[in-house]
Ligand SMILES: Nc1ncnc2c1ncn2[C@@H]1O[C@H](COP(=O)(O)OP(=O)(O)OP(=O)(O)O)[C@@H](O)[C@H]1O
Ligand SMILES: Nc1ncnc2c1ncn2[C@@H]1O[C@H](COP(=O)(O)OP(=O)(O)OP(=O)(O)O)[C@@H](O)[C@H]1O
Ligand SMILES: [Mg+2]
Ligand SMILES: [Mg+2]
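Protein chains in written order, with our numbering: chain A, 1 to 327; chain B, 328 to 684; chain C, 685 to 942; chain D, 943 to 1185; chain E, 1186 to 1556.
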């Protein structure tokens, strides 16, 4: 998709949804709080789903074990941040960032490294076979979760937010949590990086081609296997980053946290259309907003808001909003 | 004669035939061969899962539809019995009402799901059913007035099937004849009939069309088969059988709750059993269910022995700890994909079919 | 009698088949020729229902088939083979053909909607299928899974499926493409036999002009989705449209790259 | 012919697919700068042979020599990087990708469409007008013949030493076949070696220098095209027809 | 028979693994303590059989049956989750053996699903809710509740509401159990509370995934809204550090009860694990104390009817002081603790400081079973 024929309709969906709910919510400050919180939540969801746009969207690997990298990232963060109490305890934001950035980096490194092994032993034998992917990655997920329990124990571990990121800024009557602003910035950075890489290099193209006909890509002289490994590792590392963000948001981590977000992130990718970073972003924002609006207007329905959203989008565009890969 | 009962679908391998016979007689004589409540519970669970998995095989192995909503129908069956007996008391009438009501609901739901499956592509459909199943589970725990919520429902069976029913003074071959034993044989009879019926269905002209659709839906339509009709029928039939499996479960457990019959975990178990056993074979369901459930039920006991034996090596002992049994289950998932890509049945049949080198 | 009236389909701005009206009488073999991308396969897709027409009608024996799904049209008597091989790869050759045979016969198995009888009991289906497999010279490969067949054999099976359907209208889309020179005659012989049965309508898309010349009773020419010529073979082949646009009787060859 | 003139040479190649033994010791010599034709009936093993050269099937025995170096154990990408372009029997067109993207992938040096060699592209457009016409369309939507054109275009979008093509003429209109013959002739003139499987003997006859005929997984005849073309008895015995 | 076999059915694995393990630790420590380290009562050895219900009701049910029947267990303790407990109740009745429920909390265990073989040392939801009500129920206080939208949450709120005498309850907010973003719910709570006079409290009862305390990040202070909640396990109380001064009532915190049993348990736990005992450790310990006290009373007789007679109305010492099995529904009556959170850098969690012990007599815990 080039700028030439940019498809603006899905882009309009987000503001449209927001505006449509304004009269329903009534109070503008409440609406603002909900909207900002929803958008920021969407960004967090986007970060945890971004790895899956690569792994599921582009590489066509139905990785049910993706969540385990999210959990792994979060647990690594507890260890890293736990050892930097001075920095997280300070209420100066820059000191907090000095603590959080290495935590993110280490989490990404560890998740990426484990991703490498995961690709080799779990995913490689089953490229192109969805059913087996489901089973074997579920197995990988279970193993990963259990290993996390062996290393960190089965109990919940607190992951307190650094002091400087606690609390909220006030916009008139509306409160905007500081952490959500941080999340928005991180999310935008991830988005920019992903979108740039996929648009500016042949990587995306090669992966899509490789999914359709691996032999042909190899016959053209590309080492598709290495590329697949690289992309899988990148996806896992992003999941690790997502885990840090999610863990900090929840302020505690449990080994099951990966499994808990699995369905959510699959929904985001499907709404977005396979392989599309922009679509995933829109999907995530819609999910985040929708959860808040329905949560405020009809809390009972909030449970099903994601599914309703997904079904509605699929009825409109059966392939998701911006399908890149045509599967 | 045998051929007719099996609908002409012979095991196709001597080892497989022996295995199947062993399973059949093992289950038929389980109360006598394997004394104890635990063993009987495992045997009963095998019976329920054979039906459940075989019904899923119809959908997955024969029609090629990946659906995660299969446990939904299983749950409907179990809840049908649970709710009916809770409301109407432990009577045969309640069992009938529960079963029929559940079948009806499954019919309607599977019709809807089946029709929807044609609108979206396969992976999307799989993911949608995943979400739908999750939503259904939440719904079941939300409607707590009806379903008992998270806590589920505990209920009683008609006198003949309740454990306190003991018609004879004396034991029979060392086994007390009680309602539990009668329930077991009711399950056994039901499982046998249902599996044979499924075998018949997959070996009918209809079953062959399903396979054709799995192989190439587009071409099946082009040679004159209305794919919508066949797919929907297949979804409905498999849902109905799953519902009956759910009823069997409820009769045996006299309890039902969202985790018991609706959880994603059960769905994964079912998937794994299909794959271990061999997709698109029906027989695989029996083999897989026995292998998996026995492994699952006794894994912790096995690990306990293992971890005690290795207590000198703390790391190994930690991994072999019975608390980490899921780790080994996960490994089973992985290894079964590695070593049984076509399942036990596929393996055995291939061994037979391979020309001498 | 098969007839299309003003049949058109557009993909976005591109009109792939553009108002084609044509009738095909039983007992004749009509060859459809035209450059690559002229719309021949698309025309077939519109007739057999793989594609929905943007406008126009398809009639068979006076019955309007427009809007009906492909399976219904097949049951109504339209049969086709595909240009790009399109089979049931995991099933054996015999089973492939049997499925097609089953799709046509009413008998006891009710076209596959019979859930309760045992498949292997329908012996006459198997016999019929085996005969068809023989007729396309695949008998030796009868139990091989289709995915292991060489390309040429898959093309033969493609034809076998069409034969098994026993339709009123046969549509062949380049049946011999990729078939070797001692195999192609088998298929051409089958088509010739069909022609002898005066009740059948046969449509043939073919790029090999010697085949067309030999088999066709009539040729129609499509270019850019439009019917541009229709008539007896010799006459059409000699026409300038065909000579230039299709056969490529050219003035100059393309230049070499720098 | 001296060994130095051989670009590719196969000796006693055996190939198994799963449990099946398909190639039973094939010998084949592909001289540099010539068009070598591979003929044979359906199921003779032609496609299997080409796939073995590309490393898509593994030779279980025998050697595949590229300019005297054994490449039988190399991975497919490495083999391709030696300077080989391959057009498979099923065309291998990426249906999801546009025609442009299909060609871009074959242009290993180019990072985007602008960097593809313009002159060469113009030449391709002239040979296969459909490639230009459907430049921005998903390749999967093209007609059978158009896909075949894309597949061949992809193989020649950058210069290669050896072009391996499996039945390029099937499904093509006569005028396009003429273009393709021209294209191959021009490539050959530019020093490119071509290994071609072809059923269309008219096509074969107009291009071929050397010929190898396969049957039942073996080469049963090798010689020059001219010799085969002039000997009707040989044709009948090998191919079951006369030219 | 020289052994007394006690089956402990609990979540050795599964989502409640961490809780279940605490119970097991407590149970073993308690048995040890109660028997003076001999593990013998009246010359009979106490044998504990561990059974892992994995948090699955159906599994718990069949394990209990197998324990009573195959393993000849004399009585059983457990399980961790209420759902499992409810499925297990009829099994005790069927086998006519005691099931001592610990720590499953659902009211209906000693309510309408109860049978005479069921005892419970753990607190029930009503005790939790009512003690919390007692702790924050003052005139002039306005309260809104935030709970999970399912039976557990709704029952808790109902019991809480019924126990309020002075405060005004203006809103009940129920959110789906899997809620992760609490903004919408918080916004509704704020809208309801912000214009109320006096002290304003959001009382939270929440168990499981999600962190409802995040609502504090929306700067509730500017409206003068406070948060209150019950106790929890130590890792979960880490987030209490954000709420110095928060009040509520808890079942147990190791620093609160002052009695020899608690001191012994804390000491033993530090000795063995270098850490204080937690919420559920105390429960397991209490269950052990109840079992041994009862067995001593019957002289080691494990017949169910004898035991029932001995246990009805029986008082026994626990880390929480004296508990008494109420005759009517076999629920152990026990103290709860009104606390106030203090932040102490020495601890990784917010430390609950005792405001006042709420004695069993102060709480009217309704009797809900039909005897
Ligand atoms: N689904 C589609 N979407 C868009 N364009 C299509 C689609 N199907 C076909 N076309 C276009 O319609 C034109 C006609 O294609 P068709 O396959 O009918 O050609 P054909 O005459 O059979 O050619 P060939 O001889 O190469 O098989 C082509 O240009 C093709 O690109
Ligand atoms: N995947 C496979 N599994 C088993 N056998 C195969 C497989 N692929 C090819 N074969 C067998 O190998 C033999 C040679 O096939 P190949 O495709 O090489 O023939 P070909 O000469 O290219 O024929 P055609 O002209 O029809 O393309 C055939 O007998 C075929 O059945
Ligand atoms: Mg065509
Ligand atoms: Mg070939």
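For each residue, glycine too, the CB sits at the ideal point set by N, CA and C.
- Residue 912 of chain C is a Cβ neighbour of residue 925 of chain C, given a cutoff of 7 Å.
- Residue contact check for residue 552 of chain B against chain C: a CB pair falls below 7 Å.
- Residues close to ligand 1 by the beta carbon criterion (under 5 Å to any non-hydrogen atom) are, from first to last along the chain, C:695, C:700, C:720, C:721, C:722, C:723, C:724, C:725, C:726, D:1083, D:1084, D:1085, D:1086, D:1087.
- Per DSSP, the beta bridge partners of residue 698 of chain C are C:695.
- Assignment of alpha helix (DSSP H) within the region 861–901 of chain C, counting only whole runs of 4 or more residues, yields 868–880, 893–899 in chain order.
- Under a criterion of Cβ atoms nearer than 8 Å, the residues of chain C adjacent to residue 535 of chain B are, in order, 779, 782, 783, 786, 796, 803.
- Proximity of chain D to residue 774 of chain C at the Cβ level (cut-off 7 Å) is not reached, the minimal Cβ distance being about 14 Å.
- Distance from the C-beta of residue 832 of chain C to the nearest heavy atom of ligand 2 is below 6 Å.
- The DSSP assignment places 1310–1321, 1336–1348 as complete runs of the alpha helix (DSSP H) inside the region 1286–1373 of chain E, in order along the chain (cut-off: 4 residues).
- Between the beta-carbon of residue 290 of chain A and that of residue 305 of chain A there is about 5 Å, and that keeps the pair under the 8 Å contact cut.
- Across the set E:1501, E:1512, E:1508, E:1505, the C-alpha of E:1512 shows the shortest separation from the C-alpha of residue 1493 of chain E.
- Under the criterion of beta carbons closer than 8 Å, residue 1522 of chain E and residue 1434 of chain E qualify as touching, at roughly 6 Å.
- In the three-state reduction of the DSSP assignment, residue 1008 of chain D falls in the strand class.
- Using beta-carbon distances, residue 815 of chain C does not count as an interface residue toward chain B, since no partner is under 7 Å.
- When secondary structure is reduced to three states using DSSP, residue 1411 of chain E falls in the strand class.
- Residue pairing for residue 978 of chain D: DSSP places it in a beta bridge opposite D:1137, D:1152.
- About 6 Å separates the Cβ atoms of residue 241 of chain A and residue 47 of chain A, confirming a contact at the 8 Å cut-off.
- In the three-state reduction of the DSSP assignment, residue 121 of chain A falls in the helix class, which pools H, G and I.
- Remark: C-beta atoms of residue 141 of chain A and residue 65 of chain A approach each other more closely than 7 Å.
- According to the DSSP assignment, residue 1523 of chain E belongs to no alpha helix (DSSP H) but to the beta strand (DSSP E) extending over 1521–1527.
- Taking a contact to require three or more Cβ pairs closer than 8 Å, the region 472–484 of chain B and the region 576–583 of chain B qualify as touching.
- Residues of chain D with a Cβ closer than 8 Å to the Cβ of residue 189 of chain A do not exist; the shortest Cβ-Cβ separation is about 24 Å.
- Of the candidates B:475, B:671, B:493, B:671 places its Cα closest to the Cα of residue 614 of chain B.
- In this structure, residue 284 of chain A places its C-beta atom within 7 Å of the C-beta atom of residue 42 of chain A.
- Less than 7 Å divides the Cβ of residue 244 of chain A from the Cβ of residue 107 of chain A.
- Within 6 Å of the C-beta of residue 256 of chain A there is not a single heavy atom belonging to ligand 3.
- In this structure, DSSP gives residue 156 of chain A a state outside helix and strand, which the three-state scheme calls coil.
- Burial state of residue 1357 of chain E is buried, judged by a 10 Å Cβ sphere holding 16 or more other Cβ atoms.
- Rounded to the nearest whole angstrom, the C-alpha separation of residue 904 of chain C and residue 1093 of chain D is 28 Å.
- Distances from the CA of residue 1041 of chain D to each of D:1070, D:1015, D:1051 were compared; the closest alpha carbon is that of D:1070.
- In the DSSP assignment, residue 591 of chain B falls within the unbroken alpha helix (DSSP H) covering 591–604.
- In this model, residue 78 of chain A and residue 71 of chain A are separated by some 11 Å (Cα to Cα).
- In terms of Cβ geometry, residue 1447 of chain E and residue 1504 of chain E form a close pair [threshold 7 Å].
- Bounds of the beta strand (DSSP E) holding residue 739 of chain C are 739–744.
- Following the DSSP letters along the chain, one finds residue 178 of chain A in no beta strand (DSSP E) but inside the alpha helix (DSSP H) bounded by residues 178–200.
- Per DSSP, reduced to three states, the secondary structure at residue 266 of chain A is helical.
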